[in-house]
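So the structure is just underneath, and the comments pick up after that.
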Amino acid sequence: MMKKNHHISIKGRLKQISLLLVLIFFLIIVGLYFVSRRVRTSVDLIVENTLQETTQNLKNSRDFGLLNARLSVFVSTFYINNTWYTAESQGIEKDIAELCQAVSNNPEMASLLQQLQEQYLVYLQRREWVNYLLFWRSEEDEDIGELFLLLQEIVAEKMIATRLDGGDADYLEQLVLMISRCQTSLSKIAKINAEENPVQLLSSSFDSPIPLKKELADLVLQLRSLSIAEPPIDRLGRHLIDHFAYYQHQMQQYHNEMVRLGELTRRLEQLAGQILTTMEQLDLGTAAAMYESQNKISKTVITTVVSVQLILLTFSILFWVSLRIFFKKHIQIPMSLVSARLESFQQGDHDSPMRLNRHDEWADIETVFNLMLADLEKGLSALQQSEQNFRDIFNNSSDGIFQATVYGELFKANPALADLLGYKASRAAETAPMVIGLNLHKDIYKQEDDRERWLSLIHQQGEVENFEVQLLRKDGSSFWASVNGHLVRDPMGHVSCIEGTVRDISVQREAQEALQQLHIYLQNIIDSMPSVLIGVNINMEVTLWNKRAEQESILTADEAAGLSMAEVCRLFDSKAYMPKLVETLQTRKPTRLRKVKSLKKTQDGNSRFFDILIYPLSLTEVSGAVIYMDDVTDLLRLEEMMVRSEKMQSIGGLAAGLAHEINNPLAVILQNAQVVSRRLSPELDKNRETAESFGTTIEVIGEYFKVRGCEKMLHSISDAGQRAAKIVENLQSFSRRGVSNFIPCVLSDLLERMVELAASDYDMRHLFDFKKISIVREYQAVPDVCCEASQIQQVFLSLLKNAAQVLSCDIEEPKITLRIFPYGKKHISMQIEDNGAGMEADVAAKIFDPFYTTREVGQGAGLGLSIAYFIVTHNHNGRLSVRTKPGQGSCFEMILPLKNDEEFFIF
């Protein structure tokens, strides 16, 4: 119930207000007294300011006097230095501007100074033109003097030339005299100009005679005779006449400008006089008005103070009476009615309206109070409905809702939270009493670190959203939950509790982890592919870049993402695949490119080849393509080896048949040649007997054979047969593969024997001197290799012969480098490198083909390297290859397995 204030009533408040008004009145009187004194002081200050203003006027008068004197000197000074003229004109202009600013409060003075400033600017323009005319006249005098000197020199030269030629120079002498007279006249004119006082011209009129007009006219008349003289005197004469005519024109201009300048000067002097007169009158008027104003102000102030005091006294009395009546009628009575209605409202009367029966502001209070009663009734109903709705949401929500103290103790929780934590609760209950008292900070977190992070975040930020954490149920099992929470503060800003929600996200978490595992699995599949796999969008920007693509480039997948395909793919020339990529993106049809040559070389400098498959993405909402690049370099080499092997096997079969067919007649030839040789031997008795039976001796028959050359023929037949037998033996070796003689061998020993054999071979010495070749050995420790020594030596010898043949072609420092080193764990590499002329690519591609040779006809059958290739690849499961470039020599590399039963070696 509203308590009444028994200490101070409305009447008491009115008495207090009355006493306050009396006090205020007394203070006003005292204040007015001090104000009056302040006014008198202010008036004296005004007078003082007036005196200062007068002093300022006097100062302005003095400054203007100085300006007037300075202006008089300036307008009467001519033939001045340009620097002085500029500085003085700007100084006068600045003084006029400062005076204009100083008298800005006096319109008349400001107007006169403004006129003076405008006239001065016009005067400066005219004065600059006059100065230019004076400067021009001085320059013109010098030019004319120089022309006279030049004319005099020309006439003197002509006179000297005429006298030297014996001609009549009288006419030229007259010209010299006439020029001298003209120079004298010009000197007089220059003297007149120097002695001229331009100030006198300021007072002249336009009708006054022009200075030097007669003298210039006489000079022009004297110079007329020069215009008819002989060249170039006539041209100079006419030039001088033109100069003097222009001189006369400029003197006319100078005279007119000086007349105008005189008018402007007189106007400036007139304005200066007016300004001085006005300043004097202003000073006198200001001094007289100052003393009169001081007396009037003193009287007015005293009268004003007395009148104000009387008015304030009357006003205070009337105000007190009016205030008392107004307060009682308009405040005290309505206030009592309002107080009575509020007391009834406090006692429980929420239905009766307030009735004040007024038409002023109290009517608004009455209306507002009655509307408040109606709104209060509606608000109570809405509040009850809202409370019921909130209770339904709280109880039926699938997310757990809680309120806890700052220490984590639950004091309110909905049934959903109890279900999540493993407690059975009724949905009809307003809260879950079985979880009340649980400590959120200690009882439900599976990991201690999660609890610490949650507390740290909510105390630092004031709220936490979507905090994913593992929580514990009543039975000890865990589940993934998303926790939201915020701090609730009281009106003082202190934390009162924590509110939040808990949502079970175990299913979403499992789906997310499964999706992540699937993504990692697919990415591992893509990265594990041995081929380059690149994805692009419709703009040909990279969207997929697997590990093999990273290995083939210098960019990681993150660095390549979003870049243009042409920028990141440097394996090929963009012209090789970009048109097909564009075509695939447009037509959405797969495209295949075979054996595309790469810009990137292998470690040994050979070219690489790729098969490229471009196929569009099948999803309609995603536009793009996937580029599959498969390195087929090894496959192409394998195909090449297979083709070459099949070719060698075909030729081997042919060679086997050919050797068999040749071997039989060859054996008959060799046998019969041997029999013939034995039949001619004197060591056999049968041969002697047979010769004697024919009446001769075996020695005579032998001598006959020597004389007729038959013995040489037999030796030739025997040698040719032996060589043919050797060829047949090579053909048979070429056509068969045997492993019966495979034994462990030291490759360096085999190679050294062939080096010695090559150095002592007659055929090689006959073609080139092997001893002139420098042999460089680079042997590493390697295990013994299981091979057929004779065949490997044959390969070494063929390679050494081939290198020696290349180095016989005028090489300054021929050199063969021999290398033996391990190649992996199961193979040994042997290299024979020369510094010869090298080979073109097309020659290197055919170097191991049978019957292919670069030698001249008759120097080889082209089987040496092909047999060596067959021995290495077919008989020993190895590889024989060549690296060469024109001008950089050749390097033959033979790679053999340590054991002959190793599988076929693919490089």
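Going letter by letter, the sequence shown gives residues 165 to 1071 in this note's numbering.
Cβ coordinates follow ideal geometry from the N, Cα and C atoms, glycine included.
Chain-order list of residues whose beta-carbon lies under 6 angstroms from that of residue i (same chain, five-residue window excluded)
{"i": "residue 404", "result": "311, 387"}
{"i": "residue 1063", "result": "950"}
{"i": "residue 268", "result": "274"}
{"i": "residue 323", "result": "333, 336"}
{"i": "residue 997", "result": "981, 1055"}
{"i": "residue 189", "result": "480"}
{"i": "residue 636", "result": "608, 610, 642"}
Boundaries (first-last residue) of the alpha helix (DSSP H) holding residue i
{"i": "residue 942", "result": "From DSSP, residue 942 is part of no alpha helix (DSSP H) but of the beta strand (DSSP E) over 938 to 943."}
{"i": "residue 290", "result": "271 to 328"}
{"i": "residue 499", "result": "497 to 510"}
{"i": "residue 869", "result": "862 to 872"}
{"i": "residue 731", "result": "729 to 732"}
{"i": "residue 1013", "result": "Careful: residue 1013 lies outside any alpha helix (DSSP H) and carries neither H nor E."}
{"i": "residue 583", "result": "579 to 584"}
Residues that residue i bridges to, as DSSP identifies them
{"i": "residue 993", "result": "985, 1059"}
{"i": "residue 650", "result": "627, 663"}
{"i": "residue 609", "result": "635"}
{"i": "residue 668", "result": "645"}
{"i": "residue 779", "result": "790"}
{"i": "residue 949", "result": "909"}
{"i": "residue 980", "result": "939, 998"}
{"i": "residue 568", "result": "574, 662"}
{"i": "residue 603", "result": "573"}
{"i": "residue 1054", "result": "998, 1048"}
Coil, strand or helix - residue i by DSSP
{"i": "residue 574", "result": "strand"}
{"i": "residue 954", "result": "helix"}
{"i": "residue 718", "result": "coil"}
{"i": "residue 553", "result": "helix"}
{"i": "residue 975", "result": "coil"}
{"i": "residue 351", "result": "helix"}
{"i": "residue 755", "result": "strand"}
{"i": "residue 760", "result": "strand"}
{"i": "residue 705", "result": "strand"}
{"i": "residue 562", "result": "coil"}
{"i": "residue 184", "result": "helix"}
{"i": "residue 710", "result": "coil"}
{"i": "residue 773", "result": "strand"}
{"i": "residue 1039", "result": "helix"}
{"i": "residue 516", "result": "coil"}
{"i": "residue 845", "result": "coil"}
{"i": "residue 851", "result": "helix"}
{"i": "residue 268", "result": "coil"}
{"i": "residue 521", "result": "coil"}
{"i": "residue 829", "result": "helix"}
First and last residue of the uninterrupted beta strand (DSSP E) at residue i
{"i": "residue 701", "result": "696 to 701"}
{"i": "residue 1048", "result": "1043 to 1048"}
{"i": "residue 792", "result": "788 to 795"}
{"i": "residue 739", "result": "First-last for residue 739: 738 to 751, but that is the alpha helix (DSSP H), not the beta strand (DSSP E)."}
Cβ of residue i within 8 angstroms of any chain D Cβ
{"i": "residue 355", "result": "No chain D is part of this structure, which consists of one protein chain only."}
Beta-carbon proximity list for residue i, same chain, < 7 angstroms, skipping 5 on both sides
{"i": "residue 742", "result": "730"}
{"i": "residue 720", "result": "714"}
{"i": "residue 906", "result": "950, 951, 952, 1064"}
{"i": "residue 711", "result": "691"}
Contacts around residue i, its chain only, beta-carbon distance under 8 angstroms, and the 5 residues preceding and following it disregarded
{"i": "residue 315", "result": "343, 390, 397, 400, 401, 404"}
{"i": "residue 766", "result": "772, 797"}
{"i": "residue 283", "result": "428, 431, 432, 435"}
{"i": "residue 838", "result": "882"}
Contact test: residue i Cβ vs the ligand MG heavy atom, cutoff 7 angstroms
{"i": "residue 441", "result": "Only the bare structure without any ligand can be found here, which leaves the ligand MG out of the picture."}
The stretch 523 to 539 in contact with the stretch 614 to 621 per 3-pair CB rule at 8 angstroms: no
Touching by the beta-carbon criterion (3+ pairs, under 8 angstroms), the stretch 669 to 680 and the stretch 694 to 714: no
Cβ pair count under 8 angstroms reaching 3, the stretch 956 to 971 against the stretch 905 to 917: In short, these stretches touch, since the Cβ pair count reaches three.
Touch test, the stretch 643 to 659 against the stretch 745 to 758, Cβ-Cβ under 8 angstroms, three pairs minimum: no
Three or more C-beta pairs below 8 angstroms linking the stretch 288 to 307 and the stretch 414 to 429: Here the stretch 288 to 307 lies against the stretch 414 to 429, with 3 or more beta-carbon pairs under 8 angstroms apart.
At least 3 beta-carbon pairs within less than 8 angstroms: the stretch 961 to 979 vs the stretch 934 to 949: The stretch 961 to 979 makes contact with the stretch 934 to 949: 3 or more CB pairs, one atom from each, lie closer than 8 angstroms.
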